[in-house]
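Residue numbers (UniProt numbering), protein chains in the order written: chain B, 1 to 310; chain S, 1 to 364. All C-beta atoms, glycine included, are put in the ideal place defined by N, C-alpha and C. Treat the numbers as computed from the prediction; the structure is a model and nothing was measured.
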């Protein structure tokens, strides 16, 4: 049976580290998605406000994250994946981009190795809306190719994610929103690496936003799919809410059956990992444990469904 | 006060009841399910009737009063209430006419009748009807109680319906006051009457679309002691039956959260002879002072910010957290009044101090 996990965002670093991991474990999860992006928030990066957390030396960062390692071990929980800070590239922010690409991401790879993370999700550069896919591909390959030696050294893989771009009030397809685009990236980079260092992170909510059929997307990716970001939305906004809370009957909302079928088809053996931290904000804090338990139950149900798919 | 749930065809009754939601409201037209609910150990707590079923093109059907009398006798049998769904009925006179014809039966029975706020749906557009506004419902229930010569009519506030019309629910709660006997708890995005799980309609990253905290807080202030009925048919129709128990557990946890963190606040503050100590001297403490300060003034505040220790806030001394230990354990009533509940909770745990959390989102 597939294991179920949840991101630490919304729980850590708000709670004391040992309590936070125990809280996740008590809700029933066996795996965690370490949200390292909470240390350098995307809203701050988009606003150009870069805090100095990752200025610390690798040694100091590992001392800091040692608490995570100890707490995970104590709680009996392990990471299925990690989310690096993002965006790595913001148009027109040369110095910030240099800092993210040359400092933050490499340090995150080392942190991932230290914490025993097999796959680290890094958002590829989103440039296609302004410059087109060719430029976007060239810039992404140029950067991610450079990371190959460090990834090999640390034995950590990078997952690209299907992304969108916010244009005015619309969310339009971004990098890797098209499965063929995603496949091109992964195969190209893995060819350079000579081994499988690049995989895919499928975000189920982002699929809804750009109206992609989950079964088709998943089966095209096949074994390249390594990790998941499971959540649901109203197909308009990227709400990251819990599955099954949109619509009024089985035919509305995300077509979860198509996801179960697709994952079964490709013999997915990763973790059913939920990216539902906004539920930690929207429900009263006193309900956090109940909300997490509900999310875990949904994951267990999904695991059972996938197992029993024909 | 108690919680209840609206029955939906296909619901995993066993799981829902096991989750703690034992009291069911069911549609009069679905009364055949009553036996199934009872067999599973549940109770029939309420019968919902749709006023629309009593009318034809805006006029009362000939047998309308008989249908109402039949529904009354079903409710009587189960010792249940009746809730009247007013969706798509424009004129309040329709209900007045039925009640006028059933006065004797109503007076003779023990059944309470609650009128729900409704709307009219015209080709997908939602409009107000005679039953949409709190003040109109108050007026109507007063009139019906006078007509029936008893005090059996009350109000059922449906939060989802109010949201569809852009109604100020807090004001509705205040206007309806003690006449509100039932809260129909469900939510939507303002575009469709989805009857979905509360707290899941958001914008951005978890910013709530419905102001649940203050709605519940205002209910508490009006002295509401009726039923919270989760009529989240959308959730149960959308969710696979195997997950119904989990969803019901979440709803029951919601009810318990409202009771524990909001409705019981005063009871906990009033703990006899204990000194109220607030941990935090900032905005949340000010919120406390504005809402509870006169009735339950703190003995002192504590704050980790050494720069304000020794000062006063709103006439109350601010001290170091260590000062809590100078108050005997049996005399302390410590409340965290700061958004960093986890960190302060850990600090108090390490000091061996018991505490409660003050949740200001119920009192904004």
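Per-residue burial, residue i [other beta carbons within 10 Å of its own, 16 or more giving buried]
i: residue 135 (chain B); result: exposed
i: residue 301 (chain S); result: buried
i: residue 130 (chain B); result: exposed
i: residue 125 (chain S); result: exposed
i: residue 229 (chain S); result: buried
i: residue 278 (chain B); result: buried
i: residue 107 (chain S); result: exposed
i: residue 82 (chain B); result: buried
i: residue 198 (chain S); result: buried
i: residue 290 (chain S); result: exposed
i: residue 307 (chain B); result: exposed
i: residue 242 (chain B); result: buried
i: residue 152 (chain B); result: exposed
i: residue 363 (chain S); result: buried
i: residue 342 (chain S); result: buried
i: residue 51 (chain B); result: exposed
As assigned by DSSP and simplified to three states, the class of residue i
i: residue 235 (chain B); result: coil
i: residue 271 (chain B); result: strand
i: residue 48 (chain S); result: strand
i: residue 171 (chain B); result: strand
i: residue 158 (chain S); result: strand
i: residue 181 (chain S); result: strand
i: residue 335 (chain S); result: strand
i: residue 230 (chain S); result: strand
i: residue 102 (chain S); result: coil
i: residue 203 (chain S); result: strand
i: residue 276 (chain B); result: coil
i: residue 195 (chain S); result: coil
i: residue 111 (chain S); result: coil
i: residue 93 (chain B); result: coil
i: residue 120 (chain S); result: strand
i: residue 230 (chain B); result: strand
i: residue 210 (chain S); result: coil
i: residue 106 (chain B); result: helix
i: residue 6 (chain B); result: strand
i: residue 74 (chain B); result: helix
i: residue 21 (chain S); result: coil
i: residue 165 (chain B); result: strand
i: residue 53 (chain S); result: helix
i: residue 33 (chain B); result: strand
Same chain only: Cβ atoms within 7 Å of residue i, ignoring 5 sequence neighbours per side
i: residue 12 (chain S); result: 241, 244 and 245
i: residue 97 (chain S); result: 60
i: residue 110 (chain B); result: 58 and 154
i: residue 302 (chain B); result: 260 and 272
i: residue 275 (chain S); result: 299, 327, 331, 332 and 333
i: residue 61 (chain B); result: 107 and 111
i: residue 215 (chain S); result: 159, 169, 170 and 173
i: residue 18 (chain S); result: 245
i: residue 215 (chain B); result: 258, 261 and 262
Any chain C beta carbon closer than 8 Å to residue i
i: residue 208 (chain S); result: Of the chains in the structure shown, none is chain C; the protein chains are B and S.
Same chain only: Cβ atoms within 8 Å of residue i, ignoring 5 sequence neighbours per side
i: residue 101 (chain B); result: 88, 89 and 143
i: residue 148 (chain B); result: 189, 192, 193 and 197
8 Å contact criterion, which residue i and residue j should meet: CB distance rounded
i: residue 195 (chain S); j: residue 234 (chain S); result: 4 Å
i: residue 226 (chain S); j: residue 265 (chain S); result: Incorrect: roughly 19 Å between the Cβ atoms, too far for contact.
i: residue 24 (chain B); j: residue 77 (chain B); result: 6 Å
i: residue 44 (chain S); j: residue 26 (chain S); result: 7 Å
i: residue 262 (chain B); j: residue 253 (chain B); result: Contact doesn't hold; Cβ gap of about 17 Å is too wide.
i: residue 47 (chain S); j: residue 75 (chain S); result: 5 Å
Cutoff 6 Å; reference residue i; Cβ partners in own chain excluding five residues on either side
i: residue 78 (chain S); result: 44
i: residue 1 (chain S); result: 225
i: residue 151 (chain S); result: 145
Closer than 8 Å, Cβ to Cβ, to anything on chain B: give me those residues from the region 17–45 of chain S, in chain order. Here the close residues number zero.
Scan the region 235–249 of chain B for residues whose Cβ lies nearer than 8 Å to a Cβ of chain S and list them as they occur along the chain. Within the region 235–249 of chain B, the residues whose Cβ lies closer than 8 Å to some Cβ of chain S are 237, 239, 240, 241, 242, 244, 245, 246, 247, 248 and 249, listed in chain order.
Closer than 8 Å between beta carbons: that is the criterion. Which residues of the region 183–207 of chain S meet it against chain B? Against chain B - using a Cβ distance shorter than 8 Å - the residues of the region 183–207 of chain S are 189, 192, 194, 195, 196, 197, 199, 200, 202, 203, 204, 205, 206 and 207.
Contact set between the region 229–260 of chain S and chain B, restricted to residues whose Cβ is under 9 Å from the partner: Those residues of the region 229–260 of chain S placed with their C-beta closer than 9 Å to a C-beta in chain B are 233, 234, 235, 237, 238, 239, 240, 242, 243, 245, 246, 247, 249, 250, 252, 253, 254, 256, 257, 258 and 260, ordered along the chain.
Check each residue of the region 31–65 of chain B: if its Cβ is closer than 7 Å to any Cβ of chain S, include it; give the result in chain order. Residues passing the 7 Å Cβ filter: none.
In chain order, what residues of the region 263–288 of chain B put their CB closer than 8 Å to some CB of chain S? Of all residues in the region 263–288 of chain B, 277, 278, 279, 280, 281, 282, 283, 284, 285, 286 and 287 have a Cβ within less than 8 Å of some Cβ in chain S.
Going along the region 345–363 of chain S in order, which residues come within less than 8 Å of chain B, judged by CB to CB distance? Taking a C-beta cut-off of 8 Å against chain B, the contacting residues of the region 345–363 of chain S are 346, 357, 359 and 361, listed in chain order.
Selection of the region 109–127 of chain S by Cβ proximity to chain B, strictly under 8 Å: Correct list: empty, as no residue qualifies.
Compile a chain-ordered list of the residues in the region 262–287 of chain S whose CB is closer than 7 Å to at least one CB of chain B. Taking 7 Å as the Cβ-Cβ cut-off, the region 262–287 of chain S has no residue approaching chain B.
At a CB distance below 8 Å, what residues from the region 132–166 of chain B approach chain S? Give them in sequence order. Look at the region 132–166 of chain B: it has no residue with a C-beta under 8 Å from a C-beta of chain S.
The region 297–310 of chain B: positions lying closer than 7 Å to chain S by Cβ: Listed in sequence order: 297, 298 and 301.
What are the residues of the region 187–210 of chain B that lie near chain S, defined by any Cβ-Cβ distance shorter than 8 Å? Here the close residues number zero.
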